[in-house]
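Participant: In this note's numbering, the protein residues as written are 1098 to 1343. Note that the Cβ used here is the ideal one computed from N, Cα and C, for glycine as well.
Below, the structure written as structure tokens:
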């Protein structure tokens, strides 16, 4: 009877130890992230040998291997003691595609000061959330954390704005740079004179002739002659001011 008792006690303790070892499940350094995602695996305690199947075509016999998941998808990583042994446990790894950032602008070129409205256009996988936007306009200025922002370029030049996003999963944070997207110009030497100069008189009417010295490089010219009269063209014809005023 004593032998049976100790035998049963030994078997019971062995079973408890085995269950505890199995219950100490295999783990992964991260369970989700964006491709390419590197994950390190740890086996249950007390295992005599190791065989990992990553469901990517790759396997490993290392105790704590790492694997890089290149393609988005859901992977059930299996742990065995040997290649043909039973599955001791699995770890689920969720791999998302990296967010794709694009910009929508109302214009990309013009003369200073140039106001541009930016809208973030982001392709984001389900399960990902944007916590913060990081705008850099390429001229030394940064913007607020919002999906829509406006910025005025005050200097001429070519600028490369960028947009970064911070998500709820660190490996999915990304930044896109839009090289030479914004072109800002300025018209040099805008100038005209009048005849007579100065264009003054004691009483109306005063006839004034205009001479435009601005280089005509394909620009459109719009004149406001100050008394409600307008003219579209390089140089307006002589104009008569027939009321008192400035």
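Mind reading off the beta-carbon distance from residue 1165 to residue 1210? Whole number of angstroms is fine, and I expect it under 8 Å.
Facilitator: Working through the chain shown from its first residue, we reach residue 1165 at position 68. Working through the chain shown from its first residue, we reach residue 1210 at position 113. Contact doesn't hold; Cβ gap of about 48 Å is too wide.
Participant: Under a three-way DSSP split, which group does residue 1328 fall into?
Facilitator: What you label residue 1328 is simply residue 231 of the chain shown in a count that begins at 1. Of the three classes helix, strand and coil, the one that applies to residue 1328 here is strand, per DSSP.
Participant: Look up residue 1226 in the DSSP assignment and say whether it is helix, strand or coil.
Facilitator: As a position in the chain shown, residue 1226 is number 129, starting the count at 1. Coil at residue 1226, not helix or strand.
Participant: Please report the Cβ distance between residue 1156 and residue 1149, rounded to the nearest whole angstrom; I am assuming they are in contact, meaning their Cβ atoms lie under 8 Å.
Facilitator: Within the chain shown, the letter at position 59 stands for residue 1156. Within the chain shown, the letter at position 52 stands for residue 1149. Going by Cβ atoms, the distance from residue 1156 to residue 1149 rounds to 6 Å, so yes, they are a contact pair.
Participant: Going by other Cβ atoms of all chains shown within 10 Å of its Cβ, with 16 needed for buried, is residue 1204 buried or exposed?
Facilitator: Stepping through the chain shown from its first residue, residue 1204 is reached at position 107. Exposed is the call here.
Participant: Select from 1141, 1154, 1202, 1279 the residue whose C-alpha is nearest the C-alpha of residue 1177.
Facilitator: For the purposes of this step, residue 1177 is taken as the residue at position 80 of the chain shown. Closest option to residue 1177, Cα to Cα, is 1141.
Participant: Nearest-angstrom Cα distance between residue 1181 and residue 1189?
Facilitator: The residue you call residue 1181 lines up with position 84 of the chain shown. The residue you call residue 1189 lines up with position 92 of the chain shown. C-alpha separation (whole angstroms): 21 Å.
Participant: Confirm, please, whether the CB-CB distance from residue 1334 to residue 1322 is below 8 Å.
Facilitator: Here residue 1322 refers to the residue found at position 225 when the chain shown is read from its first residue. Here residue 1334 refers to the residue found at position 237 when the chain shown is read from its first residue. No.
Participant: In the DSSP assignment, find the beta strand (DSSP E) that holds residue 1273 and state where it starts and stops.
Facilitator: Locating residue 1273 in the chain shown gives position 176, counting from the first residue. Looking at the DSSP string, the run of the beta strand (DSSP E) that includes residue 1273 is 1271-1274.
Participant: Excluding the 5 residues preceding and the 5 following residue 1257 in the sequence, name in chain order all residues of the same chain whose CB lies nearer than 7 Å to its CB.
Facilitator: For the purposes of this step, residue 1257 is taken as residue 160 along the chain shown, with counting starting at 1. 1235, 1274, 1275, 1276, 1277, 1278.
Participant: Taking a contact to mean a Cβ-Cβ separation below 8 Å, would you say residue 1283 touches residue 1243 in this structure?
Facilitator: The residue you call residue 1283 lines up with position 186 of the chain shown. The residue you call residue 1243 lines up with position 146 of the chain shown. No, Cβ-Cβ distance for residue 1283 and residue 1243 is not below 8 Å.
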